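K.L.:
In UniProt numbering, the protein residues as written are 1 to 412.
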C-alpha cells in the first residue's frame, strides 16, 4: 500500500503507480513494482540544450533514477536564457554525461538503455539515431525481428512558438524516416555541386565549412559560429573560391548565416513539449495510462492549440519497410541523375555509391581524395556505361545513416 505521508516527495507519482485508474494499460497491475521500475530502467537523453534541460529536470522529478546525457556542445553565455540544470542536492539520480557526437558511440553503448529520449535540433542526427535503433533489433530463430530487443524512442522538437512530440516503437508505428515529409525542406547543397560546380555564394561558404576546414584544420578545433576568427577564416577562403568561379555575393553576414543556421527557441514551448515527452516516458515505463498514438502537436502562434493524431507508416520507407528497397531510374539516365534522386526522394545529403562487388562509383570524402577525380568523371556517364542494369544492387552510404543501405535498381 502507498504511505499516506504527503511529505514524501514521490507521493503523487506513487499514487499513480500503486492504484488502478480508468486510463491504465490492460496489462497494468497496481503495486510498488511500477515505481521501482522507474528506479531500475536506464534512460538516455540525447541533447541537453533548451529542450533537453527541461526534459532532464522533468525526468528527475518523475522518479527516474539512472539517466545518461549525451551532447556534443558545451554551454555558451548566450544559451543561459533558455538552459538550466538542477543542483545535486535537489535530486536523487545517477547522472552520467557524455560530451561527444552520438556517432562517436558504438552499438554496445546504445544497447544498455531501455528507453531513449531525443531533444535534438538536428534532423540528420535524428535520422542517424533512428537508423541505429533499427539496426540494433535482433532476429529470432525464424529470421524475423525480435521486438523485445527494440528500444523505444521518444522525440521532442521545438521551433519558436511551435513544437511536437512523437513516440517511435519499431514496426508498430511510423519511424523517423517515414515522417521526413513533415519537415520543411532544409537549405542543403549537394556535395557534388559545391565540390565541382558551385553556382551560388552559399556553395562557396559551404565548401569551406565542410571540406576545406576539415582538410586544413586552421585552429585545430571544430567550427564555432560565435568565434570571429573562425568566421573571418571561412569568409576569406570562401571569397577566394568565389572569385575563382566568378561568383559574387560572399560577405561576412552571409557567411555567419550559412555557418550558424540559427533555430529560435522559446522557453514556454520547450517547457510544454518537455512535459509531454516526459509524461509519455512515465506512461511507457509504468503503464499508468496508454501512450499517445503517435504524434502530438503544440502551437501558440494565435492562441494556444494542442492535439494528437495517428500518423501512418510509409509503405516504401528505406528503414522500417519490410519490402525490398527499390530505386526507379531511367534506362538512359546518368549517375548524376541517380544522385539527384537519392537527395530529392530519399533525403540523403552526400551519398556515396558502391556496387555489390565493392567497386566505388561515386564518393566525395576528404579521406578518399584519390577517388575524387574518378567520381567527378563518372557523374556524366550513363548507367549502362557503369554496368548498372535492371536488378543491380547498389550500396548507398550517407552521413545521415548509421549503416549503408542496399537498393535494387528498377529501370523504366
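Even for Gly, the Cβ is constructed at its ideal location relative to N, Cα and C. Note that the structure is predicted; figures quoted are calculated from it, not measured.
Going straight from the alpha carbon of residue 293 to that of residue 360, what length do you get?
P.N.:
Roughly 42 Å separates the two Cα atoms.
K.L.:
May I ask you to report which of helix, strand or coil DSSP gives residue 303?
P.N.:
coil
K.L.:
Is residue 176 buried or exposed, if buried means 16 or more other CB atoms sit within 10 Å of its CB?
P.N.:
buried
K.L.:
Under a three-way DSSP split, which group does residue 64 fall into?
P.N.:
coil
K.L.:
What does a CB cutoff of less than 6 Å around residue 282 pick up in its chain, not counting 5 residues either side in sequence?
P.N.:
Cβ neighbours of residue 282 beyond the five flanking positions: 62.
K.L.:
Whole angstroms is fine: what's the gap from residue 81's alpha carbon to residue 267's?
P.N.:
Note that residue 81 has pLDDT 47, beneath the 50 cutoff, so the model's placement of it is unreliable and the number below is only indicative. Those two C-alpha atoms are separated by around 8 Å.
K.L.:
Report back the beta-carbon spacing between residue 234 and residue 209 to the nearest angstrom; my notes put them in contact at under 8 Å.
P.N.:
6 Å
K.L.:
Under 7 Å Cβ to Cβ from residue 23, same chain only, skipping five residues before and after it: list those, please.
P.N.:
If the five residues before and after residue 23 are omitted, its C-beta is found closer than 7 Å to the C-beta atoms of 289 and 290, all from its own chain and listed in chain order.
K.L.:
Among 54, 46 and 183, which one has its Cα closest to the Cα of residue 117?
P.N.:
46
K.L.:
Three or more beta-carbon pairs under 8 Å between the region 294 to 311 and the region 48 to 66, yes or no?
P.N.:
no
K.L.:
Need the endpoints of the alpha helix (DSSP H) that residue 328 sits in, please.
P.N.:
Note, residue 328: premise wrong, no alpha helix (DSSP H); beta strand (DSSP E) at 326 to 329.
K.L.:
Who does residue 139 pair with in a DSSP beta bridge?
P.N.:
Residue pairing of residue 139 in beta bridges, as defined by DSSP: 145.
K.L.:
Should residue 68 and residue 38 be called a contact, given that it needs their Cβ atoms to be closer than 7 Å?
P.N.:
no
K.L.:
Any chance you could list the beta strand (DSSP E) runs of at least 3 consecutive residues sitting entirely within the region 180 to 221, in chain order?
P.N.:
Correct list: empty.
K.L.:
Would you check if the distance between the CB atom of residue 307 and the CB atom of residue 300 is smaller than 7 Å?
P.N.:
no
K.L.:
Identify which residue in 279, 397, 351 and 356 has its Cα closest to the Cα of residue 478.
P.N.:
Absent from the model: residue 478. The displayed extent of the chain is 1 to 412, so no value can be given.
K.L.:
Which same chain residues, not among the five before or five after residue 390, have their C-beta less than 7 Å away from its C-beta?
P.N.:
The answer, listed in chain order, is 409, 410 and 411.
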